[in-house]
Amino acid sequence: MASINFEIRVILLTLQMTLILASPPMTKGPAQAKLDYIWPSKYSAEISGDVLLGGLMMIHSRSESSVCGPIMAQGGIQALETMLYTIDRINAELTMNLTLGAHVLDDCDQDTHGLEMAVDFIKGRVL
2 MASINFEIRV ILLTLQMTLI LASPPMTKGP AQAKLDYIWP SKYSAEISGD
52 VLLGGLMMIH SRSESSVCGP IMAQGGIQAL ETMLYTIDRI NAELTMNLTL
102 GAHVLDDCDQ DTHGLEMAVD FIKGRVL
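Per our numbering, the sequence shown starts with residue 2, numbered consecutively.
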């Protein structure tokens, strides 16, 4: 049962990331649109639970034209799948009325973008 839920979550997360990549880039404003400046999208995945674990991972690689490049299958997706699998296994073994969840953010292999994601995560959870 837990492995079926995990497989469905991985498929849905992969579909979500694919749809985000296929969406047109967002611009920050008319002045910057003239400069062809692409504002980075915030990629995230959330699994509900009583206790949320935060994750900041390199799901996408760095890009020269924008912050986020293509998906990193070996590094990023494997780490994400490992986290989701571990959470599913722990939830299956917990006997208390408590479930673990996750809020995973993509730093796109950029230090500044990762810092922005971490600050947004902290703000969203504290306020």
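Built from N, CA and C at the ideal position, the CB exists for glycine as well.
On a predicted model such as this, the values are computed, not experimentally measured, just so you know.
Check	Outcome
Compare the Cα-Cα distances from D112 to each of I48, S62, L81 and report the closest residue.	S62
Could you work out which residue in D89, C109, I123 is closest to E65 when comparing CA atoms only?	C109
Please list the terminal residues of the continuous alpha helix (DSSP H) segment that includes A93.	79 to 94
Buried or exposed: which applies to L85, given that a residue is buried once 16 or more other Cβ atoms fall within 10 Å of its Cβ?	buried
By how many angstroms is the C-alpha of A103 removed from the C-alpha of E47?	6 angstroms
By the 10 Å Cβ neighbour count, where 16 or more other Cβ atoms means buried, how is L81 classified, buried or exposed?	buried
In terms of DSSP beta bridges, what is E47 paired with?	H104
Evaluate I88 with the Cβ neighbour count: other Cβ atoms within 10 Å of its Cβ, from every protein chain shown; 16 or more gives buried, anything less gives exposed.	buried
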